[in-house]
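Notes follow once the structure below has been shown.
There are 4 protein chains.
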Amino acid sequence: METLFTTDKTRKLIPIIKAFIETNLYPLEKPETLNGNFSAIEPTLKKLREKVKEMDLWGLALPESLGGKGLTLCEFGQISEILASSPFGHFVFNSQAPDIGNTELLHKHANKELNKTYLDPLSKGEIRSCFSMTEPAYAGSNPTRMGTTAVKDGDDYVINGHKWFTSSADGAAFAIVMAVTNPDAAPHKRASQILVPLDTPGYEFVRNIPIMGHTGDSWASHAEVKYHNVRVPQSNLIGNEGEGFLLAQERLGPGRIHHCMRFIGIAERSFDLMCRYAVNREIKDGVTLADQQSIQNFIAESRVEIDACRLMVLSTATKIDKEGSKAARAEISGIKFFTANMMLRVIDRAIQTHGALGMTNDIILSYWYAHERASRIYDGADEVHKVSLAKQILKPYRNA
Amino acid sequence: METLFTTDKTRKLIPIIKAFIETNLYPLEKPETLNGNFSAIEPTLKKLREKVKEMDLWGLALPESLGGKGLTLCEFGQISEILASSPFGHFVFNSQAPDIGNTELLHKHANKELNKTYLDPLSKGEIRSCFSMTEPAYAGSNPTRMGTTAVKDGDDYVINGHKWFTSSADGAAFAIVMAVTNPDAAPHKRASQILVPLDTPGYEFVRNIPIMGHTGDSWASHAEVKYHNVRVPQSNLIGNEGEGFLLAQERLGPGRIHHCMRFIGIAERSFDLMCRYAVNREIKDGVTLADQQSIQNFIAESRVEIDACRLMVLSTATKIDKEGSKAARAEISGIKFFTANMMLRVIDRAIQTHGALGMTNDIILSYWYAHERASRIYDGADEVHKVSLAKQILKPYRNA
Amino acid sequence: METLFTTDKTRKLIPIIKAFIETNLYPLEKPETLNGNFSAIEPTLKKLREKVKEMDLWGLALPESLGGKGLTLCEFGQISEILASSPFGHFVFNSQAPDIGNTELLHKHANKELNKTYLDPLSKGEIRSCFSMTEPAYAGSNPTRMGTTAVKDGDDYVINGHKWFTSSADGAAFAIVMAVTNPDAAPHKRASQILVPLDTPGYEFVRNIPIMGHTGDSWASHAEVKYHNVRVPQSNLIGNEGEGFLLAQERLGPGRIHHCMRFIGIAERSFDLMCRYAVNREIKDGVTLADQQSIQNFIAESRVEIDACRLMVLSTATKIDKEGSKAARAEISGIKFFTANMMLRVIDRAIQTHGALGMTNDIILSYWYAHERASRIYDGADEVHKVSLAKQILKPYRNA
Amino acid sequence: METLFTTDKTRKLIPIIKAFIETNLYPLEKPETLNGNFSAIEPTLKKLREKVKEMDLWGLALPESLGGKGLTLCEFGQISEILASSPFGHFVFNSQAPDIGNTELLHKHANKELNKTYLDPLSKGEIRSCFSMTEPAYAGSNPTRMGTTAVKDGDDYVINGHKWFTSSADGAAFAIVMAVTNPDAAPHKRASQILVPLDTPGYEFVRNIPIMGHTGDSWASHAEVKYHNVRVPQSNLIGNEGEGFLLAQERLGPGRIHHCMRFIGIAERSFDLMCRYAVNREIKDGVTLADQQSIQNFIAESRVEIDACRLMVLSTATKIDKEGSKAARAEISGIKFFTANMMLRVIDRAIQTHGALGMTNDIILSYWYAHERASRIYDGADEVHKVSLAKQILKPYRNA
């Protein structure tokens with residue numbers, strides 16, 4: 001379907017990727033896969049990764065210099081929606097968080113040696129990585145409060161701290177750790193990002209945190225970790241000292257587009273499941289759920305809400321492509337809470353339409369219902385984004 | 001501000017029109033004007049119409065052959081938003097409903113003589129018109145049920161019926177009347193549209209209906225009328241017999257864009273008033289409403305909701321421009337309820353922010369609160385559009 | 001219908017009052033009455049007041065010493081719901097705000113002479129009164145900020161200030177004016193309540209404020225007034241100096257019950273109109289709105305929401321009856337926003353069900369839609385009550 | 001706290017039970033317990049059951065003849081709320097569904113022999129039971145559509161069918177099976193309830209269905225089962241043939257009160273967790289979440305919504321106690337959807353307040369978020385109850 005955002009590349013790529021996912025990934029949606037350990041399905045997914053490489057579809061989000069296709073953020077966003085229709089889509093195409101963000105970060109801000117040692121195998125999918133920022137002791141709504149420190153000692157940094165929601169740490173080769181290096185600087189200039197190989201002594205993997213009843217493992221996990229006098233060379237610094245938040249902010253622009261398009265992909269698939277079920281579920285002879293106004297209301301409201309979000313996210317992506325993340329800061333705050341809430345409403349309606357079946361893992365909806373609830377929390381809770389957006393809007397009024 | 005939909009024409013026209021409205025129309029927003037009779041302000045507005053003509057801004061929605069600027073629907077939509085920031089904007093630019101719709105209808109479907117007698121002075125703003133469809137005895141949700149009949153007698157039609165919400169009939173020169181001419185045809189092919197000069201014997205102007213406490217007059221009114229053996233020549237038929245619904249449907253595509261962009265213009269102005277008031281209203285020393293999270297939430301939510309609606313409506317307009325109304329039928333249903341509800345939420349939040357002042361006619365919000373409630377009813381109630389949209393969505397699923 | 005709150009008195013009174021209102025007041029609901037000046041209908045209502053006296057139903061909210069029936073707050077609350085089913089109910093039974101509150105205030109806190117001169121004719125319905133607190137220059141969310149002052153001069157107070165929403169000032173005999181008498185005291189102890197006869201020199205009636213397009217007059221109006229060196233004897237003080245907020249607070253407990261039960265009465269009547277219309281409005285042969293799930297959803301949701309509010313308000317009234325207003329402070333905050341929002345939702349659904357008719361003044365719903373929007377603002381905006389309730393809830397947690 | 005519904009029995013029992021649960025059950029809320037198999041925690045719970053017996057608190061919902069305390073439904077409802085504050089509360093007090101319903105059913109409608117064999121050990125907690133009604137092939141919204149049949153053969157019934165959501169079948173001693181015995185009767189008179197011991201040949205336990213990622217076992221499970229020519233004596237019939245729906249309906253009145261009070265208990269506990277966390281979670285020095293208006297709004301709204309639901313449910317229970325389930329049919333429909341939606345909103349706000357922690361199983365909220373989503377589906381989906389309630393309300397209007 002042609003839209004305002006269709007380009008030659010999306011026109012060509014989307015149907016191929018869509019077909020690949022429907023054929024290869026939808027059949028993997030079984031209770032044992034969704035509820036089980038990721039490591040059990042990983043061999044299967046790795047074989048599919050090879051297939052993706054053979055089809056020359058690898059690393060869609062990668063910069064051209066790393067073998068990517070040179071897609072704009074808006075183009076990749078449209079593809080990301082398709083990948084998200086399966087919980088395995090991004091992984092199989094090596095476009096999964098947090099590796100996609102770390103790839104971009106290293107590419108732009110790491111020195112040559114780090115790039116050779118870490119970025120190269122990461123972009124090939126040979127290793128995985130994680131991003132270690134959130135701390136249990138400090139509210140995420142104020143990221144400048146942070147307990148983890150990196151103190152210079154000789155040529156090294158010595159890192160101490162306690163983190164959680166270091167997603168995908170289980171099995172990762174390295175972490176990008178956010179730590180306070182300049183405690184006396186202004187709040188936003190205190191922290192730096194430092195690459196820490198996870199076989200470094202002093203790194204403690206505490207546990208994969210059980211989330212909504214599911215502990216998970218490997219890529220599909222959220223770890224609690226500790227850093228006890230973890231020593232890495234100062235050359236492992238990404239960017240400059242004190243730029244931790246600046247780089248995090250820079251990462252967030254494209255990151256939000258990725259997240260939001262993923263939300264839209266999930267919503268769109270849930271919508272499709274809802275419609276399919278509605279026309280097939282008979283409630284009396286010759287009458288299906290699709291004939292019920294309450295269900296029709298679900299469908300009509302979901303349709304416009306999904307479409308509105310997609311337009312919002314892709315027009316924000318276009319703005320980032322043209323003017324950069326900073327110019328689109330307000331839009332980036334807005335789409336996050338707007339799209340996450342939409343996704344959760346659509347999933348909820350799809351479950352309600354499915355009745356008892358919707359609660360089960362015989363269908364994917366319950367998986368998303370549980371796990372995607374986090375979308376209103378991570379990467380800025382709704383309440384934080386609303387305040388942030390309002391302040392940006394009100395600033396010129398205050399100065400008027 | 002450049003957007004995805006900006007063109008050379010909108011880039012040039014919008015700032016001029018915006019400035020005109022802010023300078024000339026905002027100052028007219030006084031209690032006596034908003035609550036009083038339109039006829040009292042009409043002389044002032046007529047002078048401004050002359051000014052508009054002098055500035056070569058007349059008839060922005062007119063086809064080029066009638067002196068218009070050849071704007072696409074999407075271009076006019078963007079201008080319509082600006083016009084809607086004042087309740088007098090569309091009138092002063094001769095782009096007001098129902099004349100704008102009647103103009104297009106006559107232009108496309110009326111014979112030469114009708115065009116000469118009626119379309120010509122209408123497009124010049126010398127006369128006004130109305131559209132007479134809704135009937136008190138029949139639910140609007142099913143337009144094929146209609147009591148008004150037009151029976152052939154010699155060369156004439158003889159029309160009998162009872163209509164209401166024949167908006168702007170007070171002072172209009174003619175009505176386009178929807179009447180059943182072919183009672184034995186399929187439901188959607190029973191009615192025709194017939195032009196009836198309002199000085200024809202048998203036409204009874206019953207009253208301007210009091211709406212939300214306001215009776216109004218002239219253009220700003222909603223009449224109840226009766227047709228008692230009203231006789232007009234058969235050459236007053238618009239299009240062909242039995243095409244009444246087809247023509248109404250055709251009218252609705254652009255008509256919805258006009259309505260929805262008007263809703264967006266009202267929402268945007270309400271949003272601006274909310275922000276202005278929030279930064280200025282002190283609640284304790286040095287603390288204003290703008291510092292309150294509840295108000296910040298209003299502002300952030302309103303911002304994304306307005307922007308999402310605008311993208312939806314303008315992308316629908318673009319689709320109509322490219323592929324015609326029929327291809328965009330689902331989108332046209334969707335934007336109507338989505339945008340009307342958004343507007344009412346934004347007005348409501350703006351009133352709540354203004355507190356007691358918001359209830360008064362010292363500010364325009366209460367006027368919109370009362371009068372724009374109709375937006376969820378006319379031109380298809382929310383409930384009707386949702387069912388209609390859902391059915392279109394579900395059709396391919398049923399046939400699968 | 002027997003409920004948890006039925007008493008012998010309500011069992012006897014309610015059916016009589018209900019029948020009186022349906023017979024005598026419902027027929028007065030005409031566009032010209034609802035949109036017109038209250039003074040035009042006042043003679044009719046005054047005759048009905050005589051009838052009420054003859055039936056020994058006068059002053060249901062009065063204390064027994066003033067000829068009342070000794071109803072508990074919970075009992076009067078139940079009757080207040082019935083009175084509210086007509087916009088004229090409270091007035092005809094002399095239970096209308098603000099007189100009902102002023103009556104109670106004078107009865108408890110004014111000296112004998114004031115009581116003789118003002119309370120006596122007020123309780124007999126011979127004069128009317130008003131309460132002059134809100135000021136345009138200060139946000140109502142923080143009542144301790146106030147510009148009006150009362151300065152002692154000899155035996156008098158000299159009052160200067162600017163008020164608005166001094167409801168029913170038009171035609172009132174006196175106002176209870178809130179003014180700062182002790183500017184150096186703690187914020188909550190600065191103001192006093194002083195009775196000001198409205199024929200006192202220096203009192204300026206600026207205007208009746210147009211609200212939602214309706215200016216109104218007499219009892220049904222909201223005035224802007226000014227006090228220019230208005231001089232009254234110090235014996236006109238109500239209670240003690242500095243007790244202005246204390247008395248206002250005391251007034252609020254019962255006042256909120258009155259308001260909330262009025263909201264419930266309006267919601268219940270709107271609900272009844274919605275159900276009546278739904279079963280009668282045909283949308284195709286033999287199918288009415290009552291057969292549509294969207295309308296059924298409106299009805300089911302409204303039913304439980306109204307019932308829940310009534311239980312909340314009457315159980316709060318019971319608590320006030322037993323333990324006093326102070327003990328029920330949290331509940332009093334809670335019911336205000338909960339009930340006002342419920343009422344507005346029910347009115348909105350009833351209008352939507354009525355379609356175009358719902359917008360007109362041919363039915364009372366549009367009157368309530370416009371005028372009752374204020375319920376979320378006056379007497380504490382939603383946002384203020386939520387913060388206040390939350391703080392009360394959180395206090396013991398903070399201290400834990 | 002004294003309420004309108006407090007009695008001598010609740011005044012005495014509630015504090016004891018509350019203390020027992022807080023001391024003995026809250027400490028069991030650990031990730032491994034909540035996510036693990038119920039059978040792992042069962043031995044611990046069984047010891048606590050003995051303690052409950054020793055404290056003479058066993059079988060609070062049992063009729064006196066079975067050793068219960070003769071509590072009214074309203075009294076037990078208030079206790080049920082307390083039990084629900086732990087997911088193990090009802091089980092430890094032997095008041096858990098579906099056994100509580102089966103106990104009442106057998107007590108009222110089974111013959112002596114069945115009572116001796118099954119009711120006696122069931123009321124002592126020696127065996128467990130299940131209720132086998134829902135079928136995957138038929139929509140629950142229309143319970144008269146059912147595929148399971150029980151055909152007479154000699155002195156036996158021979159049962160064939162496929163059921164799911166036969167909750168707690170895993171480890172149960174018997175099921176009450178709903179099966180069509182009279183296929184030619186009116187739809188509501190076709191089915192009967194038959195007791196089937198689960199060691200009967202032909203009974204197939206297919207699986208415990210994975211729900212929201214959790215398969216569970218023992219009491220905490222939802223089974224899919226099949227009946228292949230399962231043969232039981234006709235004396236296993238409960239009540240009379242064709243009374244299946246009548247008995248199910250009778251069961252539903254008290255059953256809904258049980259469910260709804262459970263929802264309220266969960267909401268109240270979630271509310272308490274939200275308040276505790278809000279005052280303790282610092283977002284900057286000296287400022288906690290409790291100081292944020294967005295969180296205060298969550299708290300204020302939750303408070304009134306919980307209280308309103310409790311009043312609704314307990315006043316419905318009182319009506320059932322006084323007038324029977326049939327008289328309260330409308331209320332019973334209303335409270336179900338009203339209370340379930342309230343609970344889910346409160347849980348959701350509590351999670352949002354907890355941020356990332358709320359997603360984890362370190363706190364109980366995520367468990368309820370996932371598992372209690374079913375409350376809007378089982379025992380009548382929201383949409384079904386709304387239609388049912390509306391029809392009851394509209395009936396007298398239609399007949400007017």
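Protein sequence lines correspond, in order, to chains A, B, C and D.
Oh and the first sequence: position 320 is 320 in UniProt numbering, straight run, nothing missing.
Oh and the second sequence: position 133 is 133 in UniProt numbering, straight run, nothing missing.
Oh and the third sequence: position 146 is 146 in UniProt numbering, straight run, nothing missing.
Oh and the fourth sequence: position 135 is 135 in UniProt numbering, straight run, nothing missing.
Beta carbons are placed, not taken as given, at the ideal position from N, Cα and C, and that holds for glycine.
| Asked | Found |
| --- | --- |
| Per-residue DSSP class, three states only, for Gln-292 of chain D | coil |
| Alpha-carbon to alpha-carbon, Ser-302 of chain A and Arg-345 of chain A | 8 Å |
| Sufficient close CB pairs (3 or more, under 8 Å) joining the stretch 359 to 373 of chain A to the stretch 267 to 285 of chain B | no |
| Own chain residues within Cβ distance below 6 Å of Ala-370 of chain D, not counting five before or after | Met-212 |
| Three-state secondary structure (DSSP) of Asn-229 of chain A | strand |
| Within-8 Å CB hit, Tyr-157 of chain B to chain A | no |
| Coarse secondary structure for Leu-195 of chain D, derived from DSSP in three states | strand |
| N-terminal and C-terminal residue of the beta strand (DSSP E) that residue 455 of chain B is part of | The structure shown has nothing for residue 455 of chain B, since chain B only spans 1 to 400. |
| Three-state secondary structure assigned by DSSP to Thr-149 of chain B | strand |
| Where the alpha helix (DSSP H) containing His-258 of chain D begins and where it ends | 244 to 280 |
| Neighbour flag for Arg-269 of chain D against chain C, beta carbons, 8 Å | no |
| Residue nearest to Phe-205 of chain D in terms of C-alpha spacing, selected from D:Met-146, D:Leu-83, D:Thr-288 and D:Gly-171 | D:Gly-171 |
| Any chain C beta carbon closer than 8 Å to Ser-294 of chain A | yes |
| Bounding residues of the beta strand (DSSP E) (the contiguous stretch that carries Tyr-157 of chain D) | 156 to 167 |
| Interface partners of Asn-37 of chain B on chain D, CB under 9 Å | The contacting residues do not exist; Asn-37 of chain B stays about 40 Å from chain D at best. |
| Thr-288 of chain C versus Glu-104 of chain B - alpha carbon distance | 35 Å |
| Residue of D:Leu-13, D:Cys-74, D:Gly-147 and D:Lys-12 minimising C-alpha distance to residue 406 of chain D | For residue 406 of chain D there is no data in the structure shown, the boundaries of chain D being 1 and 400. |
| Through-space distance from Cys-309 of chain A to Phe-20 of chain D, alpha-carbon basis | 49 Å |
| Against chain A: residues of the stretch 330 to 363 of chain C by CB proximity under 7 Å | none |
| Cβ-Cβ distance between Lys-386 of chain A and Asn-297 of chain B below 8 Å | yes |
| Residues that Thr-134 of chain C contacts on chain B, provided the C-beta gap is smaller than 8 Å | Ala-356 |
| Own chain partners of Arg-231 of chain B with C-beta closer than 6 Å, once the 5 adjacent residues on each side are dropped | Asp-156 and Val-158 |
| Ala-223 of chain C (DSSP reduced to helix, strand or coil) | strand |
| Other residues of its chain near residue 464 of chain C: CB distance less than 7 Å, five sequence neighbours each side excluded | Chain C is shown only over 1 to 400; residue 464 of chain C falls outside these bounds and no answer can be derived. |
| Touching by the beta-carbon criterion (3+ pairs, under 8 Å), the stretch 257 to 269 of chain B and the stretch 69 to 77 of chain B | yes |
| Residues that DSSP places opposite Asp-321 of chain B in a beta bridge | Per DSSP, none; premise fails for Asp-321 of chain B. |
| Assigned exposure category for Met-55 of chain D - 16 Cβ within 10 Å defines buried | exposed |
| Three-state secondary structure (DSSP) of Met-178 of chain B | strand |
| Contacts of Gly-213 of chain B in chain C (Cβ-Cβ under 8 Å) | Leu-34, Asn-35, Met-212, Gly-213, His-214, Asn-361, Ser-366, Tyr-367 and Ala-370 |
| Cβ-based burial, Glu-50 of chain B [other Cβ within 10 Å; buried from 16] | exposed |
| 8 Å Cβ shell around Gln-234 of chain D - same chain, five flanking residues per side excluded | Lys-152, Asp-155, Asp-156 and Tyr-157 |
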